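The structure appears below as structure tokens.
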Amino acid sequence: MATATKKQDMPPTGGFKPLNYSRVPAKTIIGGKTLILGHFLVTAGSLYLYTLSYKKVQIEDIERRSSMFAIKPLLQAERDREYLKQLRRNRDEEADLMKNVDGWVVGTYKGEPVYKTLPPDTLVKPSLNEFYVHSSYKNFSDYFDITLW
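First residue of the sequence shown? That's 1 in full-length UniProt numbering, and the numbers climb one at a time after it.
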């Protein structure tokens with residue numbers, strides 16, 4: 001019966017090869033001059049595209065401002081018209097509520113003008129509560145919430 005013998009690992013005859021521990025520089029794919037030239041080319045191309053889009057944005061901005069200049073008087077007129085309609089609704093509601101009170105004149109306080117130093121045809125802007133007093137709560141809250149923003 002054969003006995004198993006342990007075989008010890010030994011270095012190869014003649015020894016191991018010497019280890020290469022010298023510095024191995026990395027391979028350069030693109031040189032420094034090429035990188036700088038590429039940077040300038042990409043920058044020039046992007047500046048050209050930026051100039052084209054900047055001109056387009058400026059033209060669109062001019063169109064937007066022109067349209068706002070054209071429509072703004074209409075929007076202001078509609079706002080003023082709605083403001084005067086609400087004042088008229090307030091006046092008519094006051095007249096309807098106080099029709100049974102003797103001597104009550106609409107727009108006065110117990111027959112006396114509220115502002116004695118102003119001419120009778122002067123429009124005095126009412127406070128926020130006075131303006132929305134006969135309106136729905138939704139109208140009041142819509143305006144009031146916007147002013148808090």
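Each residue gets a CB set at the ideal place from its N, CA and C atoms; glycine is no exception.
Nothing here was measured: the structure is a model prediction, and the numbers come from that model.
DSSP state of Thr-108 mapped onto helix, strand, coil: By 1-based counting over the sequence shown, the position of residue 108 is 108. It is a strand residue.
Cβ contact (3+ pairs, closer than 8 Å) linking the segment 86 to 96 and the segment 132 to 139: The segment 86 to 96 is in contact with the segment 132 to 139.
Which residues DSSP lists as bridging Pro-113, in chain order: Position 113 of the sequence shown, counted from the start, is the residue given in the question as residue 113. DSSP, once it has assigned bridges, lists Thr-108 as partnering Pro-113.
Pro-73 in three-state terms, based on DSSP: Your numbering for residue 73 matches position 73 in the sequence shown. DSSP places Pro-73 in helix when its eight states are reduced to three.
Alpha helix (DSSP H) segment containing Phe-131, residue limits: On the sequence shown, position 131 is the one that residue 131 refers to. Element bounds for Phe-131: 128 to 131.
Beta-carbon proximity check, Val-101 vs Thr-108, cutoff 8 Å: Sequence index remark: in the sequence shown, residue 101 carries index 101 (1-based). Sequence index remark: in the sequence shown, residue 108 carries index 108 (1-based). Going by C-beta atoms, Val-101 is not nearer than 8 Å to Thr-108.
Whole-angstrom distance between Val-57 and Phe-140, CA atom to CA atom: Taking the first residue of the sequence shown as 1, we reach residue 140 at position 140. Taking the first residue of the sequence shown as 1, we reach residue 57 at position 57. Going from the Cα of Phe-140 to the Cα of Val-57 covers about 39 Å.
DSSP-derived helix/strand/coil call for Ser-67: Residue numbering aside, residue 67 sits at position 67 when the sequence shown is read from its first letter. In this structure, Ser-67 counts as helix in the three-state DSSP scheme.
Nearest candidate by alpha-carbon position, reference Ser-127, set Gly-111, Leu-118, Leu-87 and Gly-103: On the sequence shown, residue 127 is found 127 positions in, with the first residue counted as 1. For Ser-127, the closest alpha carbon among the candidates Gly-111, Leu-118, Leu-87 and Gly-103 is that of Leu-87.
Where Tyr-21 falls: helix, strand or coil (DSSP): If you number the sequence shown from 1, residue 21 lands on position 21. Correct three-state label for Tyr-21: coil.
Proximal residues to Pro-119 (C-beta, below 6 Å), its chain only, five neighbours per side dropped: For the purposes of this step, residue 119 is taken as residue 119 along the sequence shown, with counting starting at 1. Excluding residues within five positions, none has a Cβ falling inside 6 Å.
Candidates Met-10, Tyr-83, Arg-89 and Phe-144, of which the one nearest Lys-125 by Cα: If you number the sequence shown from 1, residue 125 lands on position 125. Minimum Cα distance to Lys-125 is reached at Tyr-83.
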